[in-house]
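Those protein sequence lines, which keep their order, are chains S and R.
The opening position of the first sequence corresponds to residue 1 in the working numbering, with each subsequent residue numbered one higher.
The opening position of the second sequence corresponds to residue 1 in the working numbering, with each subsequent residue numbered one higher.
In this text, a Cβ means the ideal position worked out from N, Cα and C, and glycines have one as well.
Values in this document were obtained by computation on a predicted structure and should not be read as measured data.
In what follows, a structure is listed as structure tokens, so that the remarks can point back to it.
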Amino acid sequence: MLDNNLTQLHKFDWMVLTAVLLFIVFYGVYKTRKNRTVNDYLKGGSQAHWWTIGLSVMATQASAITFLSTPGQAFHDGMGFVQFYFGLPIAMVIICLVFIPLYHKLKVFTAYEYLESRFDLKTRTLTAILFLVQRGLAAGITIFAPSIILSAVLGWDLVTLNVIIGILVVIYTVSGGTKAVNITQKQQMAIIFGGLFIAFLIILNFLPLDVSFSNALEIAGASGKMEILDFSFNLENRYTFWSGIIGGSFLALSYFGTDQSQVQRYLSGKSVRESQMGMIMNGLLKIPMQFFILLIGVMVFVFYQFNSSPLNFNPAAEASVLESEYAEQYRDLQAEKQLLEIEIKDVQLSYARSKDETKKNDLLGQIQSLNTAETSLRDRSKELIKLASPSTETNDKDYVFIHFILKNLPRGLIGLLLAVILSAAMSSTASELNALGSTTAIDLYRRNNQGRDDKHYVRVSKWFTLLWGVIAILVACVADLFDNLIQLVNIIGSIFYGNILGVFLLAFFIKFVKSRATFIAAIFNQILVIGLYYLDKYEYIDLPYLWLNFVGCVTVIYMAMVLQGFMDVSAKKEGSRKRLLLILLSLVGVVAMITAGLYRLGVFELS
Amino acid sequence: MENNMGTQSEENTVKKDMAKVKFIWKRSYTWVLLINTLYIILFYLLMKSFNLYVG
């Protein structure tokens, strides 16, 4: 086990961590050394089986932050976050039904390539560039996010860690392309699932002998951690059943259907059927997987009902307040918490041991008031941290699970769990670099430099992948200089994703809309969505940025339909007046419905 | 011929592309939706059994 400062990693952990990471890199390079053609490099030779695709899609989505942050989310706020994924299966079905058959038939290398055959070159280029900007930044953050956490708790140098993760990924992604990404993701997912399962069993084993799994769930429930579903219509609650089903469907559809880092995974399928089965696998396993990760977080919460925990899990935040003039006040809070912990432990044990329902109900009341007192102590500690160091992040959910791992797991397992986190970071980054390299090579370079042989395009794709790898490492290294860069990347994603999804939905489903109307609508819609974001930022409206995705998608579709309607009428096309009238009527209906809904939810008020 | 509605060839391409693809509903899609509904029902039951919080 580790010292209190969490910085000393045993050599056995180092061995496990190094062995796992090096094995993945060498395996990826060795298995893909015979890539010859563009199809080999960018689609893995179209040889992937459904389970490879399924695991690869899941590994791409699950970044290191999924494994660091999600248990911490459950620790503080309970299991409700699982609702965020409720729309995903619906999106998987739509992708299997529409997106995959079309992409396969047209034999495209990238999603944006399809838009040229459906619309025109400029629409393809616009969407490809929007993707490159958004995903290029996100790739850097995928490296940076776990690095900042690991460097804080382990004392490792942030820049060195960024560079090491980046270089490891670049080696096998540049060398082996899509196939290397796919096959290494299988190993990474095996390590991730294995590591998490072992961690779960160990947490259960650490609970007091007379606390069974069922007791542990009761203890979690008594503290409000088992509020899994929330059916209220409230925009202030980010995770509700409705935001999961509606917002989650749009988000998943845009991410899995139009983001090249995911599209490239299922384009590598042996056949349409294999690709569809891979996505079905994701649709069946994603919710249980997220539920399991959240359950780990809840079990960590139960564990800390019987063991001591810090007031704030972020060691940098605690250090900053303890070095400030507020140190004395903070120590008082720590002392208060220690007394509270003894009380909580006693009451929880009595609750777990009690068979008498009346007594249990009494204890339940006590547990709730003790938990309220503990939350209040944590809130007061955050206020002190903010006073001591206004720039320090007081939300410590990213640090809960890693703190538990480092303080409690046995030697070797710490190395394995760190390998889980770094594997997750590498698997997501690999898909992103692979997609960025492919999109630049195919949509921008090859489209404007045709007629060269396959070897040339493979070489160019490798160079572009390397270039994006360097950019991602640079973004990761400078990310620390900006406040809330992670949130900025999420905001950029929400601003662009809806527009791109809308263009794809127009392409698939609304056949009368042509390229010119789509392009003009996409440009104006992008300006509109950015405008809405700023209206929210300067508090003219209250529209959380996660909803920009949905709004951007709906508005681009309507804008393009109305524009095309007017173009058809001015060209005196048969039946165009009737169609325009229908579009305008449905637009009025949709606007009235959305306005009433937003008014009801308090997004704006009539003065 | 270029006009406000896009080119004639664009219209043909759209028709050709979409005609090539058949959107077939498969039984596995129904299973995905059904099993996920089952997950939600299970979550609801779990919540009813263990969520004792009155906050």
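Does residue 62(S) come out as helix, strand or coil in the three-state DSSP assignment? coil
Less than 7 Å between the C-beta atoms of residue 425(S) and residue 94(S), yes or no? Taking 7 Å as the cut-off, the Cβ atoms of residue 425(S) and residue 94(S) do not count as close.
Measure the C-alpha to C-alpha separation of residue 432(S) and residue 245(S) and round it to an integer number of angstroms. 26 Å
On the DSSP bridge list, what partners appear for residue 269(S)? 48(S)
I'd like the span of the alpha helix (DSSP H) that includes residue 185(S), first residue to last. 158-206
Contact list for the segment 279-307 of chain S against chain R, Cβ threshold 8 Å: Answer set for the segment 279-307 of chain S: 280, 283, 284, 287, 288, 291.
From the DSSP output, in three-state form, read off residue 375(S) for me. helix
DSSP state of residue 80(S) mapped onto helix, strand, coil: helix
Leaving out five residues on either side along the sequence, give the residues of the same chain with a beta carbon under 6 Å from the beta carbon of residue 403(S). 313
What do you get for residue 374(S), buried or exposed, if any count of 16 or more other CB atoms within 10 angstroms of its CB means buried? A buried status is given to residue 374(S), since no fewer than 16 other beta-carbon atoms sit within 10 Å of its beta-carbon.
Neighbouring residues, chain R, relative to residue 220(S) (Cβ below 8 Å): Ordered by position in chain R, the residues that pass the 8 Å Cβ test against residue 220(S) are 50.
Would you say residue 41(R) lies against chain S (beta-carbon separation less than 7 Å)? no
Quick check on residue 447(S): does DSSP put it in helix, strand or coil? If DSSP states are grouped into helix, strand and coil, residue 447(S) belongs with the helices.
Buried or exposed by the 16-neighbour rule on C-beta atoms within 10 Å, applied to residue 572(S): exposed
Give the interface partners of residue 270(S) over in chain R, defined as CB-CB distance under 8 Å, in chain order. Simply none; closest approach about 17 Å.
Alpha carbon to alpha carbon, how far is residue 355(S) from residue 347(S)? Give it in angstroms, no decimals. 14 Å
State the start and end residues of the unbroken alpha helix (DSSP H) segment that holds residue 253(S). 248-258
Which same chain residues end up closer than 8 Å to residue 338(S) when comparing Cβ atoms and leaving out the 5 residues on each side of it in sequence? 308
Between which two residues does the alpha helix (DSSP H) harbouring residue 425(S) extend? 413-439
Going along the chain, which residues of its own chain have a beta-carbon closer than 6 Å to the beta-carbon of residue 174(S), five neighbours each way excluded? Beyond the five residues adjoining it in sequence on each side, residue 174(S) comes within less than 6 Å, by CB distance, of 462, 465, 466 in the same chain, given in chain order.
Could you tell me if residue 82(S) is buried or exposed, where buried requires 16 or more neighbouring beta carbons within 10 angstroms of its beta carbon? buried
Evaluate the contact criterion for the segment 495-508 of chain S versus the segment 540-556 of chain S: three or more CB pairs, one atom per stretch, below 8 Å. A contact exists between the segment 495-508 of chain S and the segment 540-556 of chain S.
Are the C-beta of residue 196(S) and some C-beta of chain A separated by less than 7 Å? Of the protein chains in this structure, namely S and R, none is chain A.
Through-space distance from residue 449(S) to residue 179(S), alpha-carbon basis: 25 Å
Just to make sure I have the definition right: I need the residues of chain R whose C-beta is within less than 7 Å of the C-beta of residue 610(S). Which are they? Residue 610(S) lies beyond the residue range present for chain S, which begins at 1 and ends at 607; the question has no answer from this structure.
Please classify residue 330(S): does DSSP put it in a helix, a strand, or coil? helix
Can you list, in chain order, the residues of its chain with a C-beta nearer than 8 Å to that of residue 579(S)? Leave out the 5 residues immediately preceding and following it. 512, 565, 568
Residue from 69(S), 136(S), 192(S) whose Cα sits closest to the Cα of residue 474(S): 136(S)
Residue 91(S) versus residue 17(S) - alpha carbon distance: 36 Å
So which residues on chain R does residue 251(S) lean against when the C-beta distance must stay under 8 Å? Within 8 Å Cβ-Cβ: nothing; residue 251(S) doesn't reach chain R, min ~16 Å.
Using three-state DSSP, classify residue 98(S) as helix, strand or coil. helix
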